[in-house]
Amino acid sequence: MLLRHSGTDGSPALRRRRRTPRQFVPMWRRSALVPPDWRVVDDSGVDSFGRALPAPGTRTLELWRLTLEAQNIPHLVVGHGANQRIFVPALREGAARAELAALAAESRPRPVSAVVPRHNAHWALLALLVLVFWHGLRMGWWPLPVEHLPDPDYWLTRGGLDVYRVRVLGEWWRTATALTLHADSLHLFSNLLFGAPFLILIARRLGLGLALGLTLLAGIMGNTLNALYRPLDHTSVGFSTSLFGMVGILCADIAVRDNGHGFKRRVLLPLAAGLALLAMLGAEGERTDYAAHIFGLLSGFGLGLVASSILKRHGPPPRLLEWSIGVAVPFFLLWCWDRAFQ
Numbered sequence: 042m043l044l045r046h047s048g049t050d051g052s053p054a055l056r057r058r059r060r061t062p063r064q065f066v067p068m069w070r071r072s073a074l075v076p077p078d079w080r081v082v083d084d085s086g087v088d089s090f091g092r093a094l095p096a097p098g099t100r101t102l103e104l105w106r107l108t109l110e111a112q113n114i115p116h117l118v119v120g121h122g123a124n125q126r127i128f129v130p131a132l133r134e135g136a137a138r139a140e141l142a143a144l145a146a147e148s149r150p151r152p153v154s155a156v157v158p159r160h161n162a163h164w165a166l167l168a169l170l171v172l173v174f175w176h177g178l179r180m181g182w183w184p185l186p187v188e189h190l191p192d193p194d195y196w197l198t199r200g201g202l203d204v205y206r207v208r209v210l211g212e213w214w215r216t217a218t219a220l221t222l223h224a225d226s227l228h229l230f231s232n233l234l235f236g237a238p239f240l241i242l243i244a245r246r247l248g249l250g251l252a253l254g255l256t257l258l259a260g261i262m263g264n265t266l267n268a269l270y271r272p273l274d275h276t277s278v279g280f281s282t283s284l285f286g287m288v289g290i291l292c293a294d295i296a297v298r299d300n301g302h303g304f305k306r307r308v309l310l311p312l313a314a315g316l317a318l319l320a321m322l323g324a325e326g327e328r329t330d331y332a333a334h335i336f337g338l339l340s341g342f343g344l345g346l347v348a349s350s351i352l353k354r355h356g357p358p359p360r361l362l363e364w365s366i367g368v369a370v371p372f373f374l375l376w377c378w379d380r381a382f383q
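Last residue of the sequence shown: 383 (this note's numbering), numbering continuous.
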């Protein structure tokens with residue numbers, strides 16, 4: 042409202058009359074259709090001026106209505122447009138508010154727990170280069186003073202995954218030595234090209250030592266399950282079982298330690314992504330051991346769930362323990378190869 046008054050120079054002037062908080066009217070009134078003993082449950086209280094806060098949006102109100110209907114709580118929706126309100130009986134007010142509060146808590150975006158990455162990508166690549174050196178040593182690429190090295194095929198005979206020798210003769214160390222063997226250079230470098238990004242990501246999230254230990258253990262578990270599944274005449278070699286184990290470990294760590302919308306969704310989405318990678322890269326070709334890839338992925342996912350849950354609860358392991366696990370990996374493989382040549 043504008044009022045006219047005289048200024049200091051005698052000419053009329055205009056000034057705006059300020060409204061006090063008491064002059065504001067409520068944004069909604071109780072409908073006569075609502076029983077007297079029913080209470081509104083969608084309000085958020087009043088503001089600093091004592092006014093009733095506006096009703097929630099139409100989509101939110103519909104979601105609340107469906108929630109109350111799913112819990113068999115009687116309710117009435119009255120009003121039109123932005124002035125709609127939900128009323129419930131006074132005896133069910135507490136239950137209705139509890140359901141709406143639980144829905145709001147579930148819908149509220151959770152803070153993302155950022156996993157601090159480690160700066161150890163160069164060490165992870167160095168670990169993969171050891172496989173290249175080992176393959177070159179077995180194939181005779183490097184001039185060494187040692188004479189009479191075994192023939193490349195002899196290594197495959199002594200360390201490859203032979204289901205008959207594993208299950209019947211008890212040579213379970215082959216589940217580890219088979220991971221270090223490759224049929225040819227193309228087999229080796231294709232595994233390294235695909236596995237390097239995953240090992241780097243796991244090492245940056247979990248630490249290099251723990252990443253190497255889990256990768257080896259996932260490969261051994263995958264080969265063990267594959268040996269139990271395959272017929273006795275089946276043989277296989279290659280690092281690809283551990284490679285898909287790394288995919289499973291990474292998916293599990295993302296599911297456990299990266300907050301998102303619900304535990305099931307955080308678990309199923311990364312696992313579905315891992316299965317998609319398996320379908321694209323690990324289930325084609327005549328010589329592809331698809332069962333080993335599947336078992337490696339599942340083994341890595343299970344190990345990743347356990348390890349990531351422990352890390353989320355207790356934090357990263359001591360540096361000495363992490364390096365001890367990393368150093369134990371090559372010594373364990375050497376022990377397995379020592380058993381192979383006995």
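Yeah, the Cβ is synthetic: ideal placement off N, Cα and C, and Gly gets one too.
Straight-line CA distance for residue i to residue j?
i	j	result
Val297	Thr282	23 Å
Leu352	Ile127	45 Å
Pro357	Gly250	11 Å
Asp203	Val209	10 Å
Tyr331	Leu242	24 Å
Trp183	Val173	11 Å
Leu229	His176	8 Å
Ala142	Trp105	10 Å
Leu375	Gly343	26 Å
His116	Trp79	9 Å
Pro193	Thr221	13 Å
Arg179	His355	42 Å
Ile366	Arg271	31 Å
Asp274	Tyr205	6 Å
Ala165	Glu363	14 Å
Asn267	Gly211	15 Å
Leu318	Ala348	22 Å
Gln125	Ile295	41 Å
Val171	Leu234	14 Å
Val75	Ser350	50 Å
His163	Leu309	31 Å
Glu103	Ser231	53 Å
Leu167	Leu269	33 Å
Ala131	Pro359	56 Å
Ser226	Glu147	51 Å
For residue i, verify whether its CB is less than 7 Å away from any heavy atom of the ligand NAP.
i	result
Ala381	Of ligands this structure carries none, so the ligand NAP is not represented either.
Looking at the unbroken alpha helix (DSSP H) that takes in residue i, where does it start and where does it end?
i	result
Pro371	360-381
Ile290	281-298
Trp175	162-180
Trp105	99-111
Arg159	From DSSP, Arg159 is part of no alpha helix (DSSP H); its letter is neither H nor E.
Ile261	249-270
Arg199	193-200
Val278	Neither: Val278 is in no alpha helix (DSSP H) and is coded neither H nor E.
Val347	331-355
Would you give the residue range spanned by the beta strand (DSSP E) that residue i belongs to?
i	result
Leu117	117-119
Arg126	126-130
Gly214	Contrary to the premise, residue 214 reads as Trp rather than Gly in this sequence. Premise fails: Trp214 is in no beta strand (DSSP E) and is neither H nor E.
Trp183	Element bounds for Trp183: n/a, residue is neither H nor E.
Arg80	79-81
Measuring CB to CB, does residue i end up less than 8 Å from residue j?
i	j	result
Glu140	Thr108	yes
His334	Phe285	yes
Gly248	Met287	no
Val129	Val82	yes
Gly201	Thr265	no
Phe336	Gly263	yes
Ile114	Ala145	no
Leu316	Ile290	no
Leu240	Val370	no
Ala219	Val278	yes
Trp196	Arg380	no
Leu346	Ala259	no
Cys377	Ala217	yes
Gly181	Leu190	yes
Excluding the 5 residues flanking residue i on each side, which residues of the same chain have their C-beta closer than 6 Å to its C-beta?
i	result
Val368	none
Gly86	With a pLDDT of 47 at Gly86, under the threshold of 50, the modelled position of that residue is not reliable, and the figure given next carries that caveat. No residues qualify anywhere along the chain.
Ala252	Ile243, Ala244
Gln112	Glu140
Ser340	Ala259, Met262, Gly263, Gly286
Note down, in chain order, each residue of its chain lying with its Cβ closer than 7 Å to the Cβ of residue i, except the 5 sequence neighbours on either side.
i	result
Phe382	Arg199
Arg159	Ala244, Arg245, Gly248
Arg138	Val82
Using a Cβ-Cβ cutoff of less than 8 Å, which residues in the same chain neighbour residue i once the five nearest sequence positions on both sides are dropped?
i	result
Asn161	Ala244, Arg245, Gly248, Leu249
Glu110	His116
Does the beta carbon of residue i come closer than 8 Å to any beta carbon on chain C?
i	result
Phe235	Here chain C cannot be found, since the structure has a single protein chain.
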